[in-house]
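Report on the structure given below.
Residue numbers (the numbering used here): 4 to 277.
What follows is the structure, given as structure tokens:
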């Protein structure tokens, strides 16, 4: 307390000057329109900058939550879109709700390899989220892989960049199909085989899922043809396909659940048993 009194006594002239200065400025602003407008404009501009900076900081720290929310919403919308495309003919004879074929689950990539011979991904969704083995995994750009193993909270994905796995793919213009697999090395390139020589293949022709499996619906993007190779002595031509998915930039993916998969498997098993 004594220090405060000593400070006031020592600097009372300067403090009195500041008080009178503020009082004069207040009078000038209050009784002069021009100065009042300028003061208001300046205070509004300063407040605007302060609020803008504050909300920029808040928005930055909420980006993770916002990204997860957007990924979840995208998964729901993509599931509805896939069901809509798959059930286009069925919708003419029965209600929309009865034709839902695919649902999607959004997930975040927490581990990913692209430079190994056998590449895998790890996702932050597991059995308690409804994830099961043999579910397809896609990104907004195209096919990513298929679920391999599942724990309660996590799952591993057999990547397209894995020579142990192939996917049945279709050319969009000729509708011919064959197995597409990654041969290693370049993480942006795969090969499509078993396409007859008489089929005219066009440069940059889209390659999509054929729909001949219970994992992926028809028409999911895989890549584009960039080169055609005629292998001597082979019965089929070999197509080099540039993958649409950039595996170096995978952050969020969507897991596809075929809600009618078991029905399809049971039906096909009855044929094999016969």
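Just so it is clear, CB atoms sit at the ideal spot from N, CA and C, and this is done for glycine as well.
First and last residue of the uninterrupted beta strand (DSSP E) at residue 125:
Locating residue 125 in the chain shown gives position 122, where the first residue counts as 1. That run of the beta strand (DSSP E) goes 121–126.
Nearest CA to the CA of residue 255: which residue from 147, 138, 106?
As a working note, residue 255 is residue 252 in the chain shown. Residue 147 is the option with its Cα nearest to residue 255.
State the Cα-Cα distance for the pair residue 176 and residue 229, rounded to the nearest angstrom.
Here residue 176 refers to the residue found at position 173 when the chain shown is read from its first residue. Here residue 229 refers to the residue found at position 226 when the chain shown is read from its first residue. Whole-angstrom Cα-Cα distance: 15 Å.
Who are the near neighbours of residue 207 in its chain, counting only those whose CB is closer than 7 Å to its CB and skipping five residues on each side?
The count along the chain shown starts at 1 and reaches residue 207 at position 204. Excluding positions up to five away in sequence, the list reads 227, 228.
Report yes if the C-beta distance between residue 158 and residue 134 is below 7 Å; otherwise report no.
As a working note, residue 158 is residue 155 in the chain shown. As a working note, residue 134 is residue 131 in the chain shown. Contact flag set, yes.
Considering only residues of the same chain and omitting the five flanking positions on each side of residue 318, which have a CB-CB separation below 8 Å?
Residue numbering for the chain in the displayed model covers 4 to 277; residue 318 lies beyond these limits and cannot be assessed.
Can you tell me where the beta strand (DSSP E) with residue 241 in it begins and where it stops?
On the chain shown, position 238 is the one that residue 241 refers to. Looking at the DSSP string, the run of the beta strand (DSSP E) that includes residue 241 is 239–246.
Can you grab the Cα-Cα spacing for the pair residue 241 / residue 202, in whole Å?
On the chain shown, residue 241 is found 238 positions in, with the first residue counted as 1. On the chain shown, residue 202 is found 199 positions in, with the first residue counted as 1. Approximately 12 Å between the Cα atoms of the pair.
Which residue wins for smallest C-alpha separation from residue 328, given the options 116, 24, 121?
Missing from the structure shown is residue 328; the chain here goes from 4 to 277 and no further.
Out of 19, 222, 248, which has the shortest C-alpha to C-alpha gap to residue 192?
On the chain shown, residue 192 is found 189 positions in, with the first residue counted as 1. Ranking the options by Cα distance to residue 192, first place goes to 248.
List the whole-angstrom C-beta distance separating residue 139 from residue 218, where the pair is believed to meet the contact cut-off of C-beta under 8 Å.
For the purposes of this step, residue 139 is taken as the residue at position 136 of the chain shown. For the purposes of this step, residue 218 is taken as the residue at position 215 of the chain shown. That belief holds up - the Cβ atoms of residue 139 and residue 218 are roughly 4 Å apart, short of 8 Å.
Suppose contacts are defined by Cβ-Cβ distances below 7 Å. Is residue 172 in contact with residue 225 by that definition?
One-based indexing of the chain shown puts residue 172 at position 169. One-based indexing of the chain shown puts residue 225 at position 222. Their beta carbons are under 7 Å apart, which means residue 172 touches residue 225 by this criterion.
Between the C-alpha atoms of residue 223 and residue 235, what's the straight-line distance to the nearest angstrom?
The residue given as residue 223 occupies position 220 in the chain shown. The residue given as residue 235 occupies position 232 in the chain shown. In a straight line, the C-alpha of residue 223 is about 32 Å away from that of residue 235.
Cα-Cα separation, residue 99 to residue 77
Position 96 of the chain shown, counted from the first residue, corresponds to residue 99. Position 74 of the chain shown, counted from the first residue, corresponds to residue 77. Here the model assigns residue 99 a pLDDT of 44, short of 50, so the residue's position is not dependable, and the following value carries that caveat. Spanning the two alpha carbons is a distance of roughly 20 Å.
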